[in-house]
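Protein chains in written order, with our numbering: chain A, 658 to 814; chain B, 5 to 318.
Next comes the structure, spelled out in structure tokens:
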């Protein structure tokens, strides 16, 4: 929030990356020295199917400007079907949030395999640019001066 | 008369010891209200009633009275909820005996109260008319103008499954589009939609009546009660209320039968069904599924298809 005032606001993006593909893809991007925007904060999850839609909504409440959920390509899931289940959650959650008026693009999804370091950097680039265009998240964000706040760990730094 | 047949059926079930208790509706303490009634002896069954104010979803008592064999007086939507619960294996099939009642659509007491000036002291039904009386007035209203939106949109008024059906089957053509509320809401811009949602949820006092009234909300520990992780703070911060309403509604994806019990239970008159209706519409469009209509098909969020749509994924 403070950075908005000084006009050099940078989006904060939370990325849920599955352990077996997307996280390894991010790792490959790193070891290959591929540059991508430093706006993402990564949370490693066992599988994209592990991402409870609650996590995504909670992240938006905690003040991130965007959320990326990334998993293995269909058919490549380490747990065989986890990403298919995750895909259904993603599809319904995305439509539902947009229906309630959360801007389209706040929550995005991708398939990135462990061999796709280049794709990972492109995805992060695309996501960061689109969220930068949307501007800072305002909807659903919990502000520290709101009634009822009791100093939880809900502030993202 | 339906009411008489319900009483007879309840008496029969209780006399034959087929069930421990029958859950139906009794006269409410206020006009325009009926209240859930728990009947344990054949004699008590004479207190059962049936009218256009029997708007609770009695399926919610299946969890709360899990030790008993239950007879349930169930409308079309209650039966759908019970079927959805059966699909989620929430009870032993032989524990529930359904007295199915084709539903005549329920009257929204709040709409009636708005239309009448002064305090309503008595109300009765005569055919398709509703006669409400107070100290110095007596008005006759057309019932169809005062129905719940969820009842107007209802496409399953006849019980899909029941051990016994009392009353005649009704024509199931809905009075409005089954997704009328969601379609109406979608006409607004994103900003208007968010403002509307924010305004509605800001009235929430977090009594969780919507959760308690819903038969599909049965988690042993609800996310709002969880203390580790603590998803939701205490208090009425607008963002917390929005978070609650989004997640509560989302948890109904592919499970909501659109009975409207959540909205009817809300003491703050917060609109809720426009959210769950959208989820029902999504589930219908994406996965061709309607909760509680098919005892075999798995709920959509418990399964997948390889060919599910994924254009939105990069």
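Just so you know, even glycine gets a beta-carbon here, dropped at the ideal spot from N, CA and C.
Every value quoted in this text rests on a predicted model; they were computed, and no experiment measured them.
| Check | Outcome |
| --- | --- |
| Neighbour-count burial assignment, residue 313 (chain B), 16 or more Cβ in a 10 Å radius | exposed |
| Neighbourhood of residue 116 (chain B) by C-beta distance below 8 Å, restricted to the same chain and skipping five residues each side | 36, 124, 127, 134, 136, 145, 150 |
| Bounding residues of the alpha helix (DSSP H) (the contiguous stretch that carries residue 80 (chain B)) | 80-91 |
| Spatial neighbours of residue 55 (chain B) in its chain, beta-carbon cut-off 7 Å, leaving aside the 5 residues before and after | 38, 129 |
| Beta-carbon gap between residue 775 (chain A) and residue 697 (chain A) smaller than 8 Å | no |
| Contact with chain B by residue 768 (chain A), beta-carbon distance below 8 Å | yes |
| Continuous alpha helix (DSSP H) stretch holding residue 790 (chain A): start and end | 774-791 |
| Contact test: residue 153 (chain B) Cβ vs the ligand NAD heavy atom, cutoff 7 Å | Because no ligand of any kind appears in the structure shown, any question about the ligand NAD cannot be addressed here. |
| Range of the contiguous alpha helix (DSSP H) that encloses residue 164 (chain B) | It is not in any alpha helix (DSSP H) - residue 164 (chain B) carries neither H nor E in the DSSP assignment. |
| Three-way DSSP call (helix, strand, coil) for residue 765 (chain A) in this model | strand |
| Contained beta strand (DSSP E) runs [length at least 3] in the segment 36-117 of chain B, N- to C-terminal order | 38-43, 74-78, 100-104 |
| Neighbour-count burial assignment, residue 765 (chain A), 16 or more Cβ in a 10 Å radius | buried |
| Close Cβ partners of residue 694 (chain A) (< 7 Å) along its chain, the five nearest in sequence each way excluded | 781, 782, 785 |
| Buried or exposed (CB count within 10 angstroms, at least 16 for buried), residue 132 (chain B) | exposed |
| Residue 168 (chain B) versus residue 102 (chain B) - alpha carbon distance | 7 Å |
| Any C-beta of chain B under 8 Å from that of residue 814 (chain A) | In this predicted model, residue 814 (chain A) has a pLDDT of only 48, less than 50, meaning its place in the structure is not dependable enough to derive any value. |
| Strand pairing of residue 18 (chain B), partner residues [DSSP] | Partner(s): none; residue 18 (chain B) has no beta bridge. |
| Sub-8 Å separation of residue 678 (chain A) and residue 769 (chain A) beta-carbons | yes |
| Cβ of residue 301 (chain B) within 8 Å of any chain A Cβ | no |
| Which of helix, strand or coil DSSP assigns to residue 28 (chain B) | strand |
| CB contact below 8 Å: residue 682 (chain A) versus chain B | no |
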